[in-house]
Amino acid sequence: MRSVDELKALKEKVLKEMSGRVDNNMPTITVHMGTCGIANGAKDVLTAVVDEIKNKSLTNVTVAQTGCPGICYEEPVVTVAIPGQMPFFYGKVSPEKAKKIVTEHFVNNKSVQDWLLNSDGNSTKEISAINYFKPQKKVALTSCGAINPEIIEEYIAVDGYFALAKALTEMTPLQVIDTMSKSGLRGRGGGGFPTGRKWEFAYNSKGDQKYVVCNADEGDPGAFMDRSVLEGTPHAVIEAMAIAGYAIGANQGYVYVRAEYPVAVANLKTAINQAREMGFLGKNIFGKGFDFDLDIRLGAGAFVCGEETALLASIEGKRGEPRPRPPFPAVSGLWGKPTIINNVETLANVPHIIRNGAEWFSAMGTEKSKGTKVFALAGKINNTGLIEVPMGTTLRTIIYDIGGGIPNGKKFKAAQTGGPSGGCIPAEFLDMEIDYDNLIAMGSMMGSGGMIVMDEDTCMVDIARFFLEFTQEESCGKCPPCRIGTKRMLEILTKITEGKGTHEDIENLEILAKTIKNTALCGLGQTSPNPVLSTLKYFRHEYEAHIYDKKCPSGVCKKLVNYSIIAEKCIGCGLCARNCPVDAISGEVKKPYTIDAEKCIKCGVCIEKCKFGAVVKK
Amino acid sequence: MEMVTLTIDGREVQVPAGSSVLEAAQRAGIDIPTLCHLKEMNKIGACRVCLVEIENARGLQASCVYPVSEGLKVKTNTFQVREARKAVVELILSNHPMECLTCNRNTNCELQALAKKLGIKDIRFQGENTIFPMDSSSPAIERIPDKCILCRRCVAACSEVQGIGILGLNERGFASIVAPAFDRMLNDVNCVLCGQCINVCPVGAIREKDETHKVWDALNDPEKVVVVQTAPAVRAVLGEEFGLPVGTPVTKKMVAALRRLGFTKVFDTDFTADLTILEEGNELLDRVKNGGTLPLITSCSPGWIKYCEHHYPEFLDNLSTCKSPQQMFGALAKTYFPEKIKVDPAKVYSVSIMPCTAKKYECQRPEMKDSGFQDVDVVLTTRELAKMIKEAGIDFVNLPDEEYDAPMGISTGAGVIFGATGGVMEAALRTVYEVVTGKTLENVDFTAVRGLEGIREASVDLPPLGTVKVAIAHGLGNAKILLERIKAGEAEYHFIEIMACPGGCIGGGGQPIVSAPDRMKLPEDYKMLRSKAIYDEDKGMALRKSHLNPAVTTLYEEYLIKPLGEKSHHLLHTHYQARPKYIALACNDESEK
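In the order they appear, the protein sequences are chains A and B. Sequential numbering of the first sequence, starting at 1, is according to our numbering. Sequential numbering of the second sequence, starting at 619, is according to our numbering.
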């Protein structure tokens, strides 16, 4: 790629040649093949679609694949695009359903309204008009699920690499940095550090060699933003890294991505090769004398390698452990050279900001948190999925409008943001506007954007224990506060959930939490007590119930729960006793049965089996 | 030098740019407790003990790694800081076996001292402790990982100072353990047993294999003639164990103490150091004159020998075939000596006091049996000897001065300087000069080969032979650099002295431990202070050239006949063998079978 005109000509050509979704000149059926879709059977669906098209000898249909559209609760998702019509989105598609969709659309010229996600009674509406998408605003995820990530031309068709062209041909490095600063973009990986300032530091650092690193070591439980972006729009990340390289004066970049993301790695590899072939990577890009290339480094699955200094150590082939800062990587990073490390989502925003301008971006969001944020919505929520909302959207909008509320009519209890480094937000803050600062003020944090929803059946002590177990297992072991402190906190939490808690446990938890927060070497250690601190802040009564009343109010902690049979409700059918795996239930037919608490292992089978609601756990 | 002004606890402090906050505080006389930090060796900010408050920085910062900058405001003694340090040390203690009373580092433990300093009374956080198997596999060094606090000083000593890197972190989080890769035992890896890891361990997690009981048993056996030899570097350092300042020589008190412990004869390794010079000096001349393999490299340091065998087998022919002074002594102690005093050599029990852990391994090498017995029965480190003296209730500091026994206790100043880096070289030059030139050397001080510079070079004119180029390296990391230079053809020498330990034997792995706080407080590098004691001893000797040692002359006349002669060859020289670098891999290698 030697010039902008060349790029423009290519785009025109691609638009002309390309299938339905962009140019609407040929019907297309697209199977969404993100990891979430594949896990739900998208590969079988794709096979069924292809087979059916063959069986019916259809010729005027294109079959395409793309990434995740974000509608995880409806996976596998299939879209049908017919020229002149609104695209049809189908959810929970099985191979059988897929065949019917093919037949109906391409043989009978009809849609299957019952299965449509964007059905509006008898017709279809814009997918963005359905409740799930209405409050959303896509920036980072724009082309995710819309284009085929394995075809670079499709990215170019949606203005891909035009931002790089603009940066290289119309802007100086300082202007690029200035645009980033003015946009107000902050790091989407956890800390929320202003991206422009980070680039500026690296720009100002003297060095014969500088590096751009993309942190794709997404490790929070329940978070999958980065995976989807890399799977669905890898070129956006490549383009952004080249822009960053131009801005700071780096000619080499590394994408550090977990090996557990095979689809992301494969798509990224393909994309890098294509970008090289087209000259978006390599020597003298756009004829401007700027060289930049990329390599992939695979992470072996250590959570701590998401911490930037640990990540750099890992790239260097050392044990993945953080080191104290300063010096910051922008001054002394990879192999001691100035290095910027940006998260996948942060980078995915960059081309849009360069193309549309800082003002366009900063018009979205709140005063100190600009733009949009991607969340991985998971847990006790009807619509799990990958969503992108403007900063400042309330939790209520996310949970009830987008998420469709809590399953089975249960009550919302709390949402955990920021994964194991974050905290929980209780129901009284449902109307809080979500941005970096509000979350910190709540004792949580944005983190990478995992959002786990909890309902009334969730025990908050057990949740805190779960997250501590995670951080404790993932501690690198370098500093004692994290290595031993999280272990001690976990031991206390385990004790409490087992009914062995004593009155000094809460105090000790607080001392330990404060110590770890203040003294741990890296951000992961420092934030590891957050789940405990925030649950102590908002759900202290649950801790007290475990410790003083020896009760788990949510009925989760097995050791604190007892199963019993309400004599008045029991008809003496014996079904529970026959199904009890440890013979803990006995009685005479047609008389109330009883449970031997000594023998009971609290597996819950009796509750499941009883048709009369006679078995209760307290 | 660019200076930076910062404020610590309200006081302005000026320090060179690039200093750490810890160094700046020290300069201002403000004490900040540390644990993992070790001057010039380990600055990783891992233990979180040296925490301070820094204005505008989030959380507390480790002062050992926090760089000073103009206008920085630091507080070292706030409520928050004290509470945090205390809580961190409590956490460390909560995973530490509280066996202080029976620990070999009792009263000499940096963690113990820290707990006292921080006023820790009880440990609020109790829980599971890590349990790891102890590693007693090696003949010299034992690892007790349960006691390890993961400060990683040993890792730095092994990897960065010695350039070997057999110690590293395995596992992670609470299960982390410092050990050879794949949790192998020390004896199953290419550990050279130099013991530098012991010298930097703040707690009792690594130690020499204690063999004092063997010596007590021998001393208690009326049938045995128990002779002892003391290495040159022991006398310059032993006093530290009894509270004397670093650099106080205690030669004659040490002799008195050994006699009080019940040794039949108190002899001196310096005697065989002189003997080594005669053998090795002649070996050098022989190789130079007859086209032998050059450079000739010294063979006194068993850690160096083992390193060479594992890592640089291509240099084995360069090694002097001379046994180390310890082993020359051992061979004579069970041949020449019993013959001379007319006792059955089987009754002689030979003990040596060494600054070294590798010597424990050296005396057990199968080839070290030329007397017909194991030449040296047991090696004690300086630390173990101190333990015996304390156990015997000897008031060391107030002991009278006593002299070594003749004849194997007679030595020259050239023998004593073997204890410092460059000493073997200097001793050899004193003798070789006179042998080659036939002239008397007036100024015996070859100061060019002294000092603590990692690698030193010198050229000495030895007419009619010509100019002899020599080099000295101490610490195996430096040895590695020197050998690589030679391999690359960047340097050429006739004679090289290599000592495994930094500073030579005065810095040996068996020497008294200088704690991290003491290293910070001493006005000079402790190795410099110790080597000064060595050179002072040399200066005070009547004889300072090995070939003038009358006892050595007699030994040749009565017994050995001549240097490099048949008997010498049999008793005083040895051979080496290549050893694999990765022992685990070697097991699968057909060529090794």
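Built from N, CA and C at the ideal position, the CB exists for glycine as well.
Inset, instruction - To the nearest angstrom, report how far apart residue 686(B) and residue 626(B) are at their CA atoms. - result: Taking the second sequence and counting its residues from 1, one reaches residue 686(B) at position 68. Taking the second sequence and counting its residues from 1, one reaches residue 626(B) at position 8. Distance between the alpha carbons of residue 686(B) and residue 626(B) is about 11 Å.
Legend entry - Cβ-based burial, residue 922(B) [other Cβ within 10 Å; buried from 16]: By one-based count along the second sequence, residue 922(B) stands at place 304. Looking at its Cβ environment, which holds 16 or more other Cβ atoms inside 10 Å, residue 922(B) is buried.
Inset, instruction - Flag this pair as touching only if the segment 351 to 365 of chain A and the segment 231 to 245 of chain A have three or more C-beta atom pairs under 8 Å; answer yes or no. - result: Contact holds: three or more Cβ-Cβ distances are below 8 Å.
Inset, instruction - Take residue 441(A) and list the residues in its own chain whose beta-carbon comes closer than 7 Å to its own, dropping the five residues that flank it on each side. - result: Position 441 of the first sequence holds residue 441(A). Here the set comprises nothing.
Legend entry - Spatially closest choice to residue 878(B) from 1173(B), 642(B), 861(B), 834(B), by CA coordinates: For the purposes of this step, residue 878(B) is taken as residue 260 along the second sequence, with counting starting at 1. Comparing alpha-carbon positions, the option among 1173(B), 642(B), 861(B), 834(B) lying closest to residue 878(B) turns out to be 834(B).
Inset, instruction - Write down the C-beta distance between residue 683(B) and residue 661(B) rounded to the nearest angstrom, noting that I regard them as a contact closer than 8 Å. - result: Within the second sequence, numbered from 1, the residue matching residue 683(B) stands at position 65. Within the second sequence, numbered from 1, the residue matching residue 661(B) stands at position 43. Indeed, because the Cβ distance is near 6 Å, the residues count as touching under 8 Å.
Inset, instruction - Kindly list, in the order they appear in chain B, the residues whose Cβ is closer than 7 Å to that of residue 315(A). - result: Residue numbering aside, residue 315(A) sits at position 315 when the first sequence is read from its first letter. Per Cβ cutoff of 7 Å: no residues; residue 315(A) is ~18 Å from chain B at best.
Legend entry - Nearest candidate by alpha-carbon position, reference residue 854(B), set 629(B), 1073(B), 1037(B), 1120(B): Residue 854(B) sits at position 236 when you count from the first residue of the second sequence. For the residues 629(B), 1073(B), 1037(B), 1120(B), the minimum Cα distance to residue 854(B) belongs to 1037(B).
Legend entry - Contact list for residue 746(B) against chain A, beta-carbon separation under 8 Å: As a first step, residue 746(B) is located in the second sequence; it is residue number 128 there, counting from the start. Residues of chain A with a Cβ closer than 8 Å to the Cβ of residue 746(B) are, in chain order, 487, 491.
Inset, instruction - Indicate the three-state DSSP secondary structure (helix, strand or coil) for residue 1191(B) in the structure shown. - result: For the purposes of this step, residue 1191(B) is taken as residue 573 along the second sequence, with counting starting at 1. Note: residue 1191(B) maps to strand in three-state DSSP.
Inset, instruction - Mind reading off the beta-carbon distance from residue 663(B) to residue 324(A)? Whole number of angstroms is fine, and I expect it under 8 Å. - result: For the purposes of this step, residue 663(B) is identified with residue 45 of the second sequence, where counting begins at 1. For the purposes of this step, residue 324(A) is identified with residue 324 of the first sequence, where counting begins at 1. For residue 663(B) against residue 324(A), the beta-carbon gap comes to about 4 Å, under 8 Å, which counts as contact.
Legend entry - C-alpha gap between residue 45(A) and residue 34(A), whole angstroms: Here residue 45(A) corresponds to residue number 45 of the first sequence, with the count starting at 1. Here residue 34(A) corresponds to residue number 34 of the first sequence, with the count starting at 1. So the alpha carbons of these two residues sit roughly 13 Å apart.
Legend entry - Runs of alpha helix (DSSP H) wholly within the segment 470 to 509 of chain A (minimum 4 residues, chain order): At a cut-off of 4 residues, the continuous stretches assigned as alpha helix (DSSP H) that sit fully inside the segment 470 to 509 of chain A are 486 to 497.
Legend entry - Proximity of residue 1042(B) and residue 1080(B) at Cβ, strictly below 8 Å: Residue mapping note: residue 1042(B) aligns to position 424 of the second sequence, counting from 1. Residue mapping note: residue 1080(B) aligns to position 462 of the second sequence, counting from 1. With contacts defined by Cβ atoms closer than 8 Å, residue 1042(B) and residue 1080(B) do not form a contacting pair.
Legend entry - Contact with chain B by residue 511(A), beta-carbon distance below 8 Å: By 1-based counting over the first sequence, the position of residue 511(A) is 511. So, interface residue.
Inset, instruction - Could you give the DSSP three-state label for residue 314(A): helix, strand or coil? - result: Start at 1 with the first residue of the first sequence, and residue 314(A) comes out as number 314. The DSSP-derived three-state label of residue 314(A) is helix.
Legend entry - Inter-stretch contact at 8 Å, needing at least 3 Cβ pairs: the segment 736 to 746 of chain B / the segment 703 to 716 of chain B: These segments touch.
Legend entry - Short CB-CB distance (under 8 Å) between residue 683(B) and chain A: Taking the second sequence and counting its residues from 1, one reaches residue 683(B) at position 65. Using beta-carbon distances, residue 683(B) counts as an interface residue toward chain A, with a partner under 8 Å.
Legend entry - residue 292(A) classed as buried or exposed, judged by whether at least 16 other C-beta atoms fall within 10 angstroms: For the purposes of this step, residue 292(A) is taken as residue 292 along the first sequence, with counting starting at 1. Buried is the call here.
Legend entry - Minimum Cβ-Cβ distance from residue 342(A) to chain B less than 8 Å: One-based indexing of the first sequence puts residue 342(A) at position 342. Taking CB atoms only, residue 342(A) has no neighbour in chain B less than 8 Å away.
Inset, instruction - With 8 Å as the threshold, decide whether the Cβ of residue 595(A) is near any Cβ in chain B. - result: Reading the first sequence from its first residue, position 595 is the one you call residue 595(A). For residue 595(A), not one C-beta of chain B is nearer than 8 Å to its own C-beta.
Inset, instruction - With a threshold of 16 other CB atoms inside 10 Å of the CB of residue 800(B), please say whether the residue is buried or exposed. - result: What you label residue 800(B) is simply residue 182 of the second sequence in a count that begins at 1. Under this definition residue 800(B) is an exposed residue.
Legend entry - C-beta atoms of residue 68(A) and residue 231(A) nearer than 8 Å: As a first step, residue 68(A) is located in the first sequence; it is residue number 68 there, counting from the start. As a first step, residue 231(A) is located in the first sequence; it is residue number 231 there, counting from the start. Yes. Within cutoff.
Inset, instruction - Determine whether the Cβ of residue 766(B) lies closer than 8 Å to any Cβ atom of chain A. - result: Working through the second sequence from its first residue, we reach residue 766(B) at position 148. By this cut-off, residue 766(B) is not an interface position.
Inset, instruction - Spell out a yes or no on whether the segment 382 to 393 of chain A and the segment 485 to 495 of chain A are touching, meaning 3 or more CB-CB pairs, one atom from each, closer than 8 Å. - result: These segments do not touch.
Legend entry - Assigned exposure category for residue 2(A) - 16 Cβ within 10 Å defines buried: The residue you call residue 2(A) lines up with position 2 of the first sequence. Exposed, by the Cβ-count rule.
Legend entry - Alpha-carbon to alpha-carbon, residue 614(A) and residue 362(A): Translated into the one-based positions of the first sequence, residue 362(A) becomes position 362. Translated into the one-based positions of the first sequence, residue 614(A) becomes position 614. Across the structure, residue 362(A) and residue 614(A) are spaced so that their CA atoms are roughly 58 Å apart.
Inset, instruction - Note down, one range per segment and in chain order, each alpha helix (DSSP H) of at least 4 residues found wholly within the segment 1117 to 1182 of chain B. - result: The segment 1117 to 1182 of chain B contains these whole alpha helix (DSSP H) runs: 1134 to 1139, 1144 to 1157, 1168 to 1173.
Inset, instruction - Sort out for me which residues DSSP pairs residue 1212(B) with in a bridge. - result: It is not possible to answer for residue 1212(B), since the shown part of chain B is limited to 619 through 1211.
Inset, instruction - Could you spell out where the beta strand (DSSP E) holding residue 322(A) opens and where it closes? - result: Here residue 322(A) corresponds to residue number 322 of the first sequence, with the count starting at 1. Taken as a continuous stretch (DSSP letters only), residue 322(A) belongs to no beta strand (DSSP E), as it is neither H nor E.
Legend entry - Selection of the segment 784 to 797 of chain B by Cβ proximity to chain A, strictly under 7 Å: Legend: CB atoms of the segment 784 to 797 of chain B lying less than 7 Å from CB atoms of chain A belong to residues 787, 790, 791, 792, 794.
Legend entry - beta strand (DSSP E) runs wholly inside the segment 43 to 128 of chain A, at least 3 long, in chain order: As summarised for the segment 43 to 128 of chain A, the continuous beta strand (DSSP E) elements at least 3 residues long and confined to that stretch are 62 to 66, 78 to 81, 88 to 90, given in chain order.
Legend entry - Under 8 Å between C-beta atoms of residue 371(A) and residue 80(A): Here residue 371(A) is taken as the residue at index 371 of the first sequence, counted from 1. Here residue 80(A) is taken as the residue at index 80 of the first sequence, counted from 1. Between residue 371(A) and residue 80(A), the CB-CB gap reaches or exceeds 8 Å.
Legend entry - Status (buried if at least 16 other CB within 10 Å, exposed otherwise) for residue 1179(B): Numbered from its first residue, the second sequence carries residue 1179(B) at position 561. Of the residues assessed, residue 1179(B) falls on the exposed side of the cut-off, its CB having fewer than 16 other CB atoms within 10 angstroms.
Legend entry - Outcome for residue 475(A) when other beta-carbon atoms lying within 10 angstroms are tallied against a minimum of 16: Within the first sequence, the letter at position 475 stands for residue 475(A). Within 10 angstroms of the beta-carbon of residue 475(A) lie 16 or more other beta-carbons, which makes it buried.
Inset, instruction - Give a yes or no on whether the C-beta atoms belonging to residue 342(A) and residue 485(A) are separated by under 8 Å. - result: The residue given as residue 342(A) occupies position 342 in the first sequence. The residue given as residue 485(A) occupies position 485 in the first sequence. Result no, Cβ atoms of residue 342(A) and residue 485(A) do not sit closer than 8 Å.
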